[in-house]
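**Q** This is the structure, below, for whatever I ask next.
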Amino acid sequence: MNSFSIGVDLGGTNLRIAAFTRAQERLESIAIPTRLEAGKYAVVQDMCDAIHEIAKKLRGSLELVGVGVGSPGPLQLPSGKLYHLPNFPGWDGFELKVEIEKVLGMPVIIENDANAAALAEFLHGSGKQRGVDSLCMLTLGTGVGNGIILNRRVWHGMLGMAGEAGHGPLEYDGAPCGCGGRGCLEQYASATAVSRMAKETAEAGQSEAIAHILATRGTVSARRVAQLADAGDEGARQVYRTVGKFLGLSLSQLVNTLNLPLYVVGGGLASSWHLFAPTMFAVLLRDSYVYRLTAPRDELDINPLCTHIVPALLGSESGLLGAAMLPFAEREMAVALPS
Ligand SMILES: [Zn+2]
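Taking the numbering used here, I'd label the letters of the sequence shown as residues 8 to 346.
Rendered as structure tokens:
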């Protein structure tokens, strides 16, 4: 009998649930708003109702391997207990895994959403394309997520809190961050950071176009800043060069620390790769001697002994796909490594 698994992407705005085969074929999906205002138990109930609905549709002809849930971090793993989630008021200390299992009536696997995205990219994206055993991924969205795959497994660290390079400090007295630190990568390479830096650029008198948008709308999106940069606005181009500078600094540390064959940049902001990548690579060549010694000749050079840094191949649903791959990955690991 063919099998499927169900993945859940628990976002601050949307709750997405979908069934996939191991070969990445999407069978069913449900997307609903995350009813944060109704409270955490209501959100868990919505999630479990959707899982049951999908499972009921498919179970007659296919075997359900399991359910994987991608959650924003920081969270403790494998227990699935949440810490302080900036966009989820009232969820501090919530036993997410326990509560889902109580309502669902079956075990689930919880994973940090950035780790889930890295797993998807490893199994079905650039990791698969290049045939590597390990990779490190940065996901540039509202915040900056990070996931590390070492020797075909998600690297969790002691308590599931490994892979937080998004909160690696790069500027001692830099912009204050939601994590409590200052100058984190997230403050320079997220969509939120691009909007803030664009505002600072306008306030410094360096972009009339951005100033005009702020005067009429009050805010400017990262996508709009990218459009202005593409149209030649120097202030907007400088904002993306700053994104590249800090990505280059962060990747320099990751490359020097990990010496992996592949680093992947994903998330919504990765679509502006052409705007930040030149600066990012220039910083890497200047500041990472491991990168300098192992850089590919050009982007067509696929030498497996070089350090490759590439945009993600999978789109915005990599976290959802990765969550669905968790039960398959666990089953394959159980076969490979009998305990
Ligand atoms: Zn931070």
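Cβ coordinates follow ideal geometry from the N, Cα and C atoms, glycine included. Note that the coordinates shown come from a computational prediction; the quantities given were computed from them, not determined experimentally.
Do you know how far the Cα of Thr-314 is from the Cα of Leu-258?
**A** Along the sequence shown, one-based indexing puts residue 258 at 251. Along the sequence shown, one-based indexing puts residue 314 at 307. Looking at the two C-alpha atoms, the distance is approximately 11 Å.
**Q** Going by DSSP, what residues sit across from His-315 in a beta bridge?
**A** In the sequence shown, counting from the first residue as 1, residue 315 sits at position 308. According to DSSP, which records beta bridges pairwise, His-315 is partnered with Leu-269.
**Q** Tell me where the beta strand (DSSP E) around Asp-16 begins and ends.
**A** What you label residue 16 is simply residue 9 of the sequence shown in a count that begins at 1. Counting along the chain, the beta strand (DSSP E) containing Asp-16 begins and ends at 10 to 17.
**Q** Check whether the Cβ atoms of Leu-254 and Ala-196 sit closer than 7 Å, and answer yes or no.
**A** Residue numbering aside, residue 254 sits at position 247 when the sequence shown is read from its first letter. Residue numbering aside, residue 196 sits at position 189 when the sequence shown is read from its first letter. Yes, Cβ-Cβ distance for Leu-254 and Ala-196 is below 7 Å.
**Q** According to the Cβ coordinates, are Ala-236 and Leu-282 closer than 7 Å?
**A** Numbered from 1 along the sequence shown, position 229 holds the residue referred to as residue 236. Numbered from 1 along the sequence shown, position 275 holds the residue referred to as residue 282. Contact: yes.
**Q** Identify the continuous alpha helix (DSSP H) that holds Ser-202 and give its terminal residues.
**A** On the sequence shown, residue 202 is found 195 positions in, with the first residue counted as 1. 198 to 210 is the span of the alpha helix (DSSP H), which, as asked, contains Ser-202.
**Q** With a threshold of 6 Å, establish whether the CB of Glu-171 neighbours any heavy atom of ligand 1.
**A** Taking the first residue of the sequence shown as position 1, residue 171 is located at position 164. Because no heavy atom of ligand 1 lies under 6 Å away, the Cβ of Glu-171 does not count as near it: no.
**Q** Rounded to the nearest angstrom, what separates Glu-215 and Gly-242 at their Cα positions?
**A** Here residue 215 refers to the residue found at position 208 when the sequence shown is read from its first residue. Here residue 242 refers to the residue found at position 235 when the sequence shown is read from its first residue. So the two alpha carbons sit approximately 9 Å from each other.
**Q** Report buried or exposed for Val-74, applying the criterion of at least 16 other Cβ atoms within 10 angstroms of its Cβ.
**A** For the purposes of this step, residue 74 is taken as residue 67 along the sequence shown, with counting starting at 1. That one is buried.
**Q** Report yes or no: do three or more beta-carbon pairs, one from the region 123 to 141 and one from the region 327 to 334, lie closer than 8 Å?
**A** Yes, the region 123 to 141 touches the region 327 to 334.
**Q** Take every Cβ of the region 156 to 173, pair it with every Cβ of the region 70 to 89, and state whether three or more of those distances are shorter than 8 Å.
**A** The region 156 to 173, when compared against the region 70 to 89, does touch it at the 8 Å Cβ threshold.
**Q** Distance check for Ala-336 and Gly-77, CA to CA, integer angstroms please.
**A** For this step, residue 77 is matched to residue 70 along the sequence shown. For this step, residue 336 is matched to residue 329 along the sequence shown. Roughly 14 Å separates the two Cα atoms.
**Q** How about the region 203 to 217 and the region 243 to 252: do they share at least three Cβ pairs that are nearer than 8 Å?
**A** Because the criterion of three Cβ pairs below 8 Å is met, the region 203 to 217 and the region 243 to 252 touch.
**Q** Just checking Glu-178 against ligand 1 - is the residue's beta carbon closer than 6 Å to any of the ligand's heavy atoms?
**A** Along the sequence shown, read from residue 1 onward, the residue named residue 178 stands at position 171. Flag unset: Cβ of Glu-178 not near ligand 1.
**Q** Less than 6 Å separating the Cβ of His-174 from some heavy atom of ligand 1?
**A** The sequence position of residue 174 within the sequence shown is 167, counting from 1. Checking every heavy atom of ligand 1 against the Cβ of His-174, one is found closer than 6 Å.
**Q** Straight-line CA distance for Val-151 to His-174?
**A** Indexing the sequence shown from 1 puts residue 151 at position 144. Indexing the sequence shown from 1 puts residue 174 at position 167. Distance between the alpha carbons of Val-151 and His-174: 8 Å.
**Q** Do Val-262 and Val-317 have their beta-carbon atoms positioned less than 7 Å apart in this structure?
**A** Along the sequence shown, read from residue 1 onward, the residue named residue 317 stands at position 310. Along the sequence shown, read from residue 1 onward, the residue named residue 262 stands at position 255. No, Cβ-Cβ distance for Val-317 and Val-262 is not below 7 Å.
**Q** Check whether the region 148 to 162 touches the region 182 to 199, counting contact only when three or more Cβ pairs, one atom from each stretch, lie closer than 8 Å.
**A** Yes: at least three Cβ pairs fall under 8 Å.
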